[in-house]
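Residues in the sequence shown are numbered from 25 upward in steps of one, following the numbering used here. In what follows, a structure is listed as structure tokens, so that the remarks can point back to it.
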Amino acid sequence: MILNILYCLFFGILDFSIYLYLVRNDRIPKNILVVALSTIILIVFLHAGWIEISGLMKWNDFFGLLMFSIGIIILYFESKFQDSYIDSRKESLNQKLYERFKPVFDFVRYKLIYIMIYVYQFLAVWNDSYR
Numbered sequence: 025m026i027l028n029i030l031y032c033l034f035f036g037i038l039d040f041s042i043y044l045y046l047v048r049n050d051r052i053p054k055n056i057l058v059v060a061l062s063t064i065i066l067i068v069f070l071h072a073g074w075i076e077i078s079g080l081m082k083w084n085d086f087f088g089l090l091m092f093s094i095g096i097i098i099l100y101f102e103s104k105f106q107d108s109y110i111d112s113r114k115e116s117l118n119q120k121l122y123e124r125f126k127p128v129f130d131f132v133r134y135k136l137i138y139i140m141i142y143v144y145q146f147l148a149v150w151n152d153s154y155r
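Structural data, given as structure tokens:
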């Protein structure tokens, strides 16, 4: 139970840090960045199987959930490309439709994706059938 809470905190902090860095353009101080990266590397090494610790999530499960966090970065840059493409065609689009579409697209891109990925990670940590 305590490990599940720690996993949820780990993925929550990781996803929120990615959100702050990409969307809000908050710069993370170097000392916090070093500690965060060191923690991520340590956790990855603990799950790699070189050291047997009972209670830890299996490597495949942990790596899959970690890939969802890394997938946030990929989705962000893909959506930036799509956003620039739509903006370049703005004149040829129906302005009324564009004005309705843009806020919805921004909400999905900047908020909903992060929430959905964390909710899945949370559920997968607490329920093995989601892994």
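Each residue gets a CB set at the ideal place from its N, CA and C atoms; glycine is no exception. Predicted model, so just to flag it, every value in this text is computed and none were measured.
The three-state secondary structure of residue 25, taken from DSSP, is coil. Excluding the 5 residues flanking it on each side, residue 52 has same chain C-beta neighbours closer than 8 angstroms at 41, 44, 45, 60, in chain order. Judged by DSSP in its simplified three-state form, residue 59 adopts helix. Under the three-state reduction of DSSP, residue 103 is assigned to helix. Secondary structure of residue 112 (DSSP, three-state): helix. Put simply, of 87, 144, 100 the residue whose alpha carbon is nearest the alpha carbon of residue 70 is 87. Residue 65 sits exposed, since fewer than 16 C-beta atoms from the chains shown fall within 10 Å of its C-beta. In the three-state DSSP reduction, residue 36 falls in the helix class (H, G or I). Less than 8 angstroms divides the Cβ of residue 142 from the Cβ of residue 36.
Closest in C-alpha terms to residue 100, from the list 48, 30, 63, comes 48.
Judged by DSSP in its simplified three-state form, residue 127 adopts helix.
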